[in-house]
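J.: Using the working numbering, read the sequence shown as starting at 141 and increasing by one per residue.
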Amino acid sequence: MSKICILGMGYIGLPTALLFANNGNDVVGVDINQSVVATLNKGSMPFEEDGFQELLNSAIKNNTFRAQTVTEDADVFLVAVPTPLDKETHLSDLKYVASACEMIVSHLKKGNLVIIESTIPPKTCEKTVKSTLQKSGLKASEDFYITHCPERAIPGNTLHEMVYNDRIIGGIDKRSTELTESLYSCFVKGELHLTNSTTAEMVKLMENTFRDINIALANELAQIADEYGVNVWDAIRIANKHPRVNILNPGPGVGGHCIAIDPWFLTEDTNKGRLISLSRQINDSMPQYVLKMVREILVGVENPVITIFGVAYKGDIGDTRATPARKFIKLAEKEGYEIRVHDPFVTEFDYPLLGLSESLNGSDCIVLLTDHSVFKEIKPEEICGGMRNLNIVDTRNVVDGKAWKKVGFRVQTIGNVNIPHAEILITKRSD
Ligand SMILES: NC(=O)c1ccc[n+]([C@@H]2O[C@H](COP(=O)([O-])OP(=O)(O)OC[C@H]3O[C@@H](n4cnc5c(N)ncnc54)[C@H](O)[C@@H]3O)[C@@H](O)[C@H]2O)c1
Numbered sequence: 141m142s143k144i145c146i147l148g149m150g151y152i153g154l155p156t157a158l159l160f161a162n163n164g165n166d167v168v169g170v171d172i173n174q175s176v177v178a179t180l181n182k183g184s185m186p187f188e189e190d191g192f193q194e195l196l197n198s199a200i201k202n203n204t205f206r207a208q209t210v211t212e213d214a215d216v217f218l219v220a221v222p223t224p225l226d227k228e229t230h231l232s233d234l235k236y237v238a239s240a241c242e243m244i245v246s247h248l249k250k251g252n253l254v255i256i257e258s259t260i261p262p263k264t265c266e267k268t269v270k271s272t273l274q275k276s277g278l279k280a281s282e283d284f285y286i287t288h289c290p291e292r293a294i295p296g297n298t299l300h301e302m303v304y305n306d307r308i309i310g311g312i313d314k315r316s317t318e319l320t321e322s323l324y325s326c327f328v329k330g331e332l333h334l335t336n337s338t339t340a341e342m343v344k345l346m347e348n349t350f351r352d353i354n355i356a357l358a359n360e361l362a363q364i365a366d367e368y369g370v371n372v373w374d375a376i377r378i379a380n381k382h383p384r385v386n387i388l389n390p391g392p393g394v395g396g397h398c399i400a401i402d403p404w405f406l407t408e409d410t411n412k413g414r415l416i417s418l419s420r421q422i423n424d425s426m427p428q429y430v431l432k433m434v435r436e437i438l439v440g441v442e443n444p445v446i447t448i449f450g451v452a453y454k455g456d457i458g459d460t461r462a463t464p465a466r467k468f469i470k471l472a473e474k475e476g477y478e479i480r481v482h483d484p485f486v487t488e489f490d491y492p493l494l495g496l497s498e499s500l501n502g503s504d505c506i507v508l509l510t511d512h513s514v515f516k517e518i519k520p521e522e523i524c525g526g527m528r529n530l531n532i533v534d535t536r537n538v539v540d541g542k543a544w545k546k547v548g549f550r551v552q553t554i555g556n557v558n559i560p561h562a563e564i565l566i567t568k569r570s571d
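#1: Which same chain residues, not among the five before or five after residue 230, have their C-beta less than 6 Å away from its C-beta?
#2: Check this for me: beta carbons of residue 299 and residue 215, under 8 Å apart or not?
#3: Helix or strand or just coil, what does DSSP make of residue 532?
#4: Going by alpha carbons, who is nearest to residue 388 out of 397, 372, 341?
#5: Between the C-alpha atoms of residue 509 and residue 535, what's the straight-line distance to the nearest angstrom?
#6: Relative to the alpha-carbon of residue 147, which residue among 521, 162, 141, 173 has its alpha-carbon at the smallest distance?
#7: Would you kindly work out how many angstroms separate the C-alpha atoms of residue 282 and residue 269, rounded to a whole number?
#8: Quick one: what does DSSP say residue 550 is sitting in, helix, strand or coil?
#9: So residue 449 is in the alpha helix (DSSP H); what residue range does that whole segment cover?
#10: In angstroms with no decimal places, state the Cα-to-Cα distance between residue 253 and residue 316.
#11: Just tell me which of 366, 468, 381 has its CA closest to the CA of residue 477.
#12: For residue 156, report the span of its alpha helix (DSSP H) as first-last.
#13: Near residue 305, what residues of its chain come up, given a Cβ to Cβ distance below 7 Å and the 5 sequence neighbours on each side ignored?
#14: Could you check what DSSP says for residue 518 in three-state terms: helix, strand or coil?
#15: Between the C-alpha atoms of residue 203 and residue 538, what's the straight-line distance to the nearest angstrom?
#16: Consider the Cβ of residue 387: report whether some Cβ of chain E lies at a distance smaller than 8 Å.
#17: Can you tell me whether residue 282 is helix, strand or coil according to DSSP?
#18: On a CA-only basis, which of 251, 232, 272, 271 is nearest residue 262? Give me that one, please.
#19: Roughly how many angstroms separate the alpha carbons of residue 323 and residue 153, rounded to a whole number?
#20: Does the contact criterion of 3 or more C-beta pairs under 8 Å hold for the region 549 to 556 versus the region 433 to 442?
#21: Mind checking which residues open and close the alpha helix (DSSP H) that includes residue 201?
#22: How about residue 427 and residue 393: are their beta carbons less than 8 Å apart?
#23: Taking 7 Å as the cut-off, is the C-beta of residue 572 nearer than that to any heavy atom in ligand 1?
#24: For the beta strand (DSSP E) containing residue 166, list its first residue and its last residue.
#25: Just to confirm, are residue 97 and residue 220 a CB contact at a threshold of 8 Å?
#26: Would you call the CB atoms of residue 481 and residue 493 closer than 8 Å?
#27: Should residue 199 go down as buried or exposed, given a rule of 16 or more other Cβ atoms within 10 Å for buried?
#28: Hey, out of 245, 342, 333, whose CA is closest to residue 260's CA?
#29: Does the beta-carbon of residue 239, which I'm using as the reference point, lie nearer than 7 Å to any heavy atom of ligand 1?
#30: Among 425, 308, 235, 301, which one has its Cα closest to the Cα of residue 255?
#31: Under the rule that 16 or more other beta-carbon atoms within 10 Å means buried, what is residue 414, buried or exposed?
#32: For ligand 1, is there any heavy atom lying closer than 7 Å to the beta carbon of residue 466?
#33: Does the beta-carbon distance from residue 458 to residue 486 come in below 8 Å?
#34: Can you look up residue 523 in the DSSP assignment and give me helix, strand or coil?
#35: Does any heavy atom of ligand 1 sit closer than 7 Å to the C-beta of residue 258?
#36: According to DSSP, residue 207 sits in a beta bridge with which residue or residues?
Okay, structure coming up:
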């Protein structure tokens, strides 16, 4: 049994704390946000995530978890605080990691292990983390140990993924890696891949950079397909029949706190990375491309009103962090469009969230930005009544274009503008 002090009770730190607390450890959850601490000590989760309320209940009942705003002595310290991107410089902002390490310094003892789960640029463990912790007077690799153990769980399926995903464990030395491997073995059922800290830092960033570049490719293919009058969704589906091809889906841009940020972390200290930064630019420019589609479909409409379907950065979750919807809405507003927002998963957003029919009342165009499953179920004949003009721009290829057109909608999909030739091809295939 280890005593583990976990700093940062957010989407990553709290689930990790509850898994450790329910698997034989004594866990202290530390957060500088007093209200998070109070909520947890009342036995409530500060956010919803399947399976974790039950884990919190049992950890409190068994006295293996408590929350507080200050650190205390422990065997292991685990850091899961935010690592935002500085918008102006595109550099990582490590102030939270640095302050969490400062909070550990006065409690650091011989034999302690410090694990960084926060996403960090290559060499952060060896540089920032090590030098801050050595302010304790103890020496890293001799007196205490440091490991990077990045988290890759997906919001909405965190419990399953934290337990069953493979994990990368990279210590600054062999002993750090071994201690961390033994700790995580208590609940991780995926494979544990042992390496050094800089490799672990780089692997985590490479994974999301791979996804960002491949989404950029799909977005570029969609724009090329629009020029040629090809349905890119059909083309991608067929191309993916090749045994070694797996093209991703285009969309309105990339959001969330990882994919759009990690490529910047990967390249912040190198003059390489041209492909990586070009991909960022392509993905960041997709809201402009969607606006162009909206502009084209609404030519001649006076005082246009548009209804946004979905502001979460991806389907079936309520997370709006770095969502491309925000940029799209700002650009559309600047151009004079009146905006209505409907998202059945999101509870808080910078714009008022409206119910389905309210959001469509007097609207000239639906702009579908998020692939929530519920949007697939919408029957166009049931929602068109209150709209002023029947248009939809579908950036995720979610709606059944034929059914919507039957009701009178003009339908534009990213990578499948209405070119008759392309439609004839699809009709032939499915008949
Ligand atoms: N959320 C994800 O799905 C995800 C996935 C992979 C990696 N990550 C990475 O994990 C890290 C944490 O992300 P998150 O989503 O859990 O963040 P979050 O914003 O949900 O939670 C972070 C918490 O840390 C607290 N905090 C800030 N400074 C602190 C300090 N010095 N001491 C104690 N608490 C402090 C904040 O009050 C907040 O409650 C980030 O580096 C992120 O990039 C997140």
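Just so you know, even glycine gets a beta-carbon here, dropped at the ideal spot from N, CA and C.
T.: Answer, in terms of the structure:
#1: 404
#2: Contact flag unset, no.
#3: strand
#4: Taking only the C-alpha atoms, the option nearest residue 388 is 372.
#5: 6 Å
#6: 173
#7: 15 Å
#8: strand
#9: It is not in any alpha helix (DSSP H) - residue 449 instead sits in the beta strand (DSSP E) that spans 445 to 449.
#10: 7 Å
#11: 468
#12: Residues 153 to 161.
#13: 292, 293, 330
#14: coil
#15: When rounded, the distance between both Cα atoms is 47 Å.
#16: Included in the structure is just one protein chain, with no chain E present.
#17: coil
#18: 232
#19: 15 Å
#20: yes
#21: Counting along the chain, the unbroken alpha helix (DSSP H) around residue 201 starts and ends at 192 to 201.
#22: yes
#23: In the structure displayed, the chain extends from 141 to 571; residue 572 sits before or after that span and is not available.
#24: 166 to 170
#25: Residue 97 lies beyond the stretch modelled for the chain, which goes from 141 to 571, so this question has no answer here.
#26: yes
#27: buried
#28: Ranking 245, 342, 333 by Cα distance to residue 260 puts 342 first.
#29: True, at least one ligand heavy atom lies under 7 Å from that Cβ.
#30: Checked all of 425, 308, 235, 301; the closest Cα to residue 255 is 308.
#31: Classification for residue 414: exposed.
#32: no
#33: yes
#34: DSSP, reduced to helix, strand and coil, places residue 523 within a helical segment of the structure shown.
#35: Result yes, Cβ under 7 Å from ligand 1.
#36: In the DSSP output, where bridge partners are listed per residue, residue 207 has 169.
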